[in-house]
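Engineer:
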Amino acid sequence: MGQEQFSKQEAETYAGLVTFCATHKNIETALKCSRCGNAICPYCMIQTPVGARCRICANLQKSPVATLSLRRLILTLLTTVVLSAVIGTLWGYFLPGIRSVLFLPIIVSLGVGYVIGESISIVSNRKRTKLLVWMAGAATIFAFVISSLIFTFGRETHILSWGIMELFTVGLSVYLAVTRIR
Ligand SMILES: [Zn+2]
Ligand SMILES: [Zn+2]
Numbered sequence: 052m053g054q055e056q057f058s059k060q061e062a063e064t065y066a067g068l069v070t071f072c073a074t075h076k077n078i079e080t081a082l083k084c085s086r087c088g089n090a091i092c093p094y095c096m097i098q099t100p101v102g103a104r105c106r107i108c109a110n111l112q113k114s115p116v117a118t119l120s121l122r123r124l125i126l127t128l129l130t131t132v133v134l135s136a137v138i139g140t141l142w143g144y145f146l147p148g149i150r151s152v153l154f155l156p157i158i159v160s161l162g163v164g165y166v167i168g169e170s171i172s173i174v175s176n177r178k179r180t181k182l183l184v185w186m187a188g189a190a191t192i193f194a195f196v197i198s199s200l201i202f203t204f205g206r207e208t209h210i211l212s213w214g215i216m217e218l219f220t221v222g223l224s225v226y227l228a229v230t231r232i233r
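Residues 52 to 233 (our numbering) make up the sequence shown, in order.
1) Based on Cα-Cα distance, which residue from Met216, Ile78, Trp185 lies nearest to Val132?
2) Is Met216 helix, strand or coil when you go by DSSP?
3) Short of 8 Å in beta carbon distance, which residues of its chain neighbour Pro147, apart from the five on each side in sequence? Order them along the chain.
4) Measure the C-alpha to C-alpha separation of Leu124 and Leu68 and round it to an integer number of angstroms.
5) What whole-angstrom Cβ distance do Ala187 and Gly168 have, given they're in contact under 8 Å?
6) By alpha-carbon positions, which one of Leu183, Leu218, Leu153 ends up nearest to Thr230?
7) Looking only at its chain, what residues have a beta carbon closer than 8 Å to the beta carbon of Ile210, apart from the 5 residues adjacent to it on each side?
8) Give the single residue among Arg104, Ser120, Arg86, Thr99 whose Cα lies nearest to the Cα of Cys92.
9) Could you give the distance in angstroms between the alpha-carbon of Ser160 and the alpha-carbon of Val137?
10) Consider the C-beta atom of Cys108 and the heavy atoms of ligand 2; say whether any pair is separated by less than 7 Å.
11) From the DSSP output, in three-state form, read off Leu68 for me.
12) Quick check on the DSSP output: what are the complete beta strand (DSSP E) runs of length 3 or more inside the segment 75-124, in order along the chain?
13) Return the CA-CA distance between Arg177 and Ser170, expressed in angstroms with no decimal places.
14) Considering just the uninterrupted stretch of the alpha helix (DSSP H) at Arg160, what are its terminal residues?
15) Have a look at Thr140 and Leu134 and give me their C-alpha separation to the nearest angstrom.
16) For Lys178, does the three-state DSSP call read helix, strand or coil?
17) On the CB-based measure, 16 or more other CB atoms within 10 Å of its CB, does Ser151 come out buried or exposed?
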């Protein structure tokens, strides 16, 4: 047996068909990462919509619009809470003055949803995650609850008495807020 006697596997390796995994040096593979071209094996490859990739490239592939850093998330959350409380307070305070003006309450309600949704979108750096969508909806409802509480404060009724019309405008407002994110 001389040294010129290559095994079939060794011959394939030299022919470039089969190589060793870049991470697992002792595992033979013919797979390559579709992005960086490094050899990958079934233990470290990750299937992505654009083919099999190494761990590093699979992580890079995650869409940046769908990921939100914790710092950004907390900032967005705080802004949302403060903003919807302020908007709700102002809305509740001015509601008695404008509620009799035709269509104005509806227009303002829609404005509330738009402003809340748009603000969340701006503060979160235009990210699009499910959490932000929920946040926009919840913040809008929160603003309306606050406005209702302030509106009824000091009056005979302290109960939130939303009729069909109020529910409709809140629904539209939530829709506008949510579509600012999506
Ligand atoms: Zn790669
Ligand atoms: Zn591997």
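Glycine included, C-beta positions come from ideal geometry on N, C-alpha and C.
Structural biologist: With the given structure in hand:
1) If we check each option's Cα against that of Val132, Trp185 comes out closest.
2) In the structure shown, Met216 falls within a helical segment according to DSSP collapsed to helix, strand and coil.
3) So the list reads Phe202, once near-sequence residues are dropped.
4) Whole-angstrom Cα-Cα distance: 46 Å.
5) Rounded to whole angstroms, the Cβ separation of Ala187 and Gly168 is 5 Å, and the two are in contact under 8 Å.
6) Nearest C-alpha to Thr230: Leu183.
7) Note that Ile210 scores a pLDDT of 49, beneath 50, so its modelled location is shaky; the value from the coordinates is reported in the next line. So the list reads Thr203, once near-sequence residues are dropped.
8) When each option's Cα is compared against that of Cys92, the closest is Arg104.
9) Looking at the backbone, the Cα of Ser160 and that of Val137 are separated by about 14 Å.
10) No; taking the cut-off as 7 Å, the Cβ of Cys108 has no heavy atom of ligand 2 nearer than that.
11) In this structure, Leu68 counts as coil in the three-state DSSP scheme.
12) List check, beta strand (DSSP E) in window: 97-99, 102-104.
13) Looking at the two C-alpha atoms, the distance is approximately 10 Å.
14) Reading off the sequence shown, one finds Ser at residue 160, where the question assumed Arg. Where Ser160 is concerned, the enclosing alpha helix (DSSP H) stretches over 155-174.
15) C-alpha separation (whole angstroms): 10 Å.
16) Correct three-state label for Lys178: coil.
17) With fewer than 16 other Cβ atoms within 10 Å, it is exposed.
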